[in-house]
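K.L.:
Okay, here's the structure, questions in a sec.
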Amino acid sequence: MDRTDPRSPEARRSFEELVAEGAAVPTEGWDFSWFEGRAGEQRPSWGYARSAAGRLARATAALDIQTGGGEVLDFALGAAAPARPALIAATEGRPPNVARATALLRPRGAVVVSASDDAPLPFADGAFDLVLSRHPVRPHWDEIARVLGPGGTYFAQHVGPASVFELVEYFLGPQPERSRRARHPDRERADAERAGLRIVDLRAERLRMEFHDIAAVVHFLRKVVWLVPGFTVEAYEPRLRALHERIEAEGPFVAHSTRHLFDARRPDR
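Taking UniProt numbering, the leading residue of the sequence shown gets 1, the next gets one more, and so forth.
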């Protein structure tokens, strides 16, 4: 369905209306199509989902860690068809996402396993020749290395350091340096190598984001819950109202995401 551009004068609505809309949108899964026309983000140059599809077309047993609602894996499997692994599994820790991912991925022949993000992976040693993950909360390198067979590959897109911190610091104030450097690719490289993986490729990019109305900000913070922990409209109403007025007067709120691509391999021996 076409959506009226929320930036046009005829589409302008009150702060209360926009906040109510952003607070009502379901947050399950990683489908970001609702943001079309009201928020946007540059995409990394490497095209993770399509690159993952190429890997899936050559794999025999694949695992997608923290699959969310299964949307990225579903796209990659569709793009890889008719070639696809004989065994396809995915893990997810949030119950609403597990149900969503199961409904989406079962027709693709994938099994979705409910597993906490911090728990050991519920699979045998060396069970997979390909492990995927898009935006894991935290990569558990020992477990990734354990479930990969000799010569197996970990191919993933991670969130990088200080991602969307313009928005984080708008609500929470200046963050300590240790928070700004969390998820740094150099540190993750060292952790992966300590787990026995060899880094084949590691690339990082900083990407522009724009929020065109306060509804998009509210929905984004409800969906990406670790950015402003405990976020609610009521708790942050004054800051939300001030940001709404700023967007109305000056245009979109600009932030920057950081992403890095991991291509790691478990040695043959």
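Ideal Cβ placement from N, Cα and C applies to all residues, glycine included.
Glu36 by DSSP, collapsed to three states: which one?
P.N.:
Three-state result, Glu36: coil.
K.L.:
Should the stretch 200-210 be regarded as contacting the stretch 238-258, the criterion being three or more beta carbon pairs within less than 8 angstroms?
P.N.:
Flag = yes, the stretch 200-210 and the stretch 238-258 touch.
K.L.:
Check each candidate in Arg100, Phe15, Gln175 and name the one with the smallest Cα separation from Ala90.
P.N.:
The shortest C-alpha separation from Ala90 is found at Arg100.
K.L.:
Can you give me the start and stop residues for the beta strand (DSSP E) that Tyr170 sits inside?
P.N.:
Careful: Tyr170 lies outside any beta strand (DSSP E), inside the alpha helix (DSSP H) at 165-172.
K.L.:
Is Phe75 helix, strand or coil when you go by DSSP?
P.N.:
Note: Phe75 maps to helix in three-state DSSP.
K.L.:
How is the beta strand (DSSP E) around residue 329 delimited, first residue to last?
P.N.:
Missing from the structure shown is residue 329; the chain here goes from 1 to 269 and no further.
K.L.:
Could you work out which residue in Ser163, Ser14, Gly37, Glu188 is closest to residue 270 when comparing CA atoms only?
P.N.:
For residue 270 there is no data in the structure shown, the boundaries of the chain being 1 and 269.
K.L.:
Going by DSSP, name the residue or residues bridged to Glu210.
P.N.:
DSSP, once it has assigned bridges, lists Gly40, Val254 as partnering Glu210.
K.L.:
Run the CB neighbour count on Asp213, radius 10 Å, all protein chains shown included, and call it buried at 16 or more, exposed below.
P.N.:
Classification of Asp213: buried, given that the 10 Å Cβ count is 16 or more.
K.L.:
For the beta strand (DSSP E) containing Leu130, list its first residue and its last residue.
P.N.:
It spans 128-134 - the beta strand (DSSP E) in which Leu130 sits, taken as one unbroken run.
K.L.:
From Lys123 to Thr232, what distance separates their C-alpha atoms?
P.N.:
Checking the displayed sequence, the identity of residue 123 turns out to be Phe instead of Lys. The alpha-carbon atoms of Phe123 and Thr232 are separated by roughly 37 angstroms.
K.L.:
Do the stretch 179-193 and the stretch 152-166 meet, that is, are 3 or more Cβ pairs less than 8 angstroms apart?
P.N.:
Result yes; three or more Cβ-Cβ pairs closer than 8 angstroms.
K.L.:
What span of residues does the beta strand (DSSP E) with Asp64 cover, start to end?
P.N.:
Counting along the chain, the beta strand (DSSP E) containing Asp64 begins and ends at 61-64.
K.L.:
State the Cα-Cα distance for the pair Pro85 and Pro267, rounded to the nearest angstrom.
P.N.:
Roughly 21 angstroms separates the two Cα atoms.
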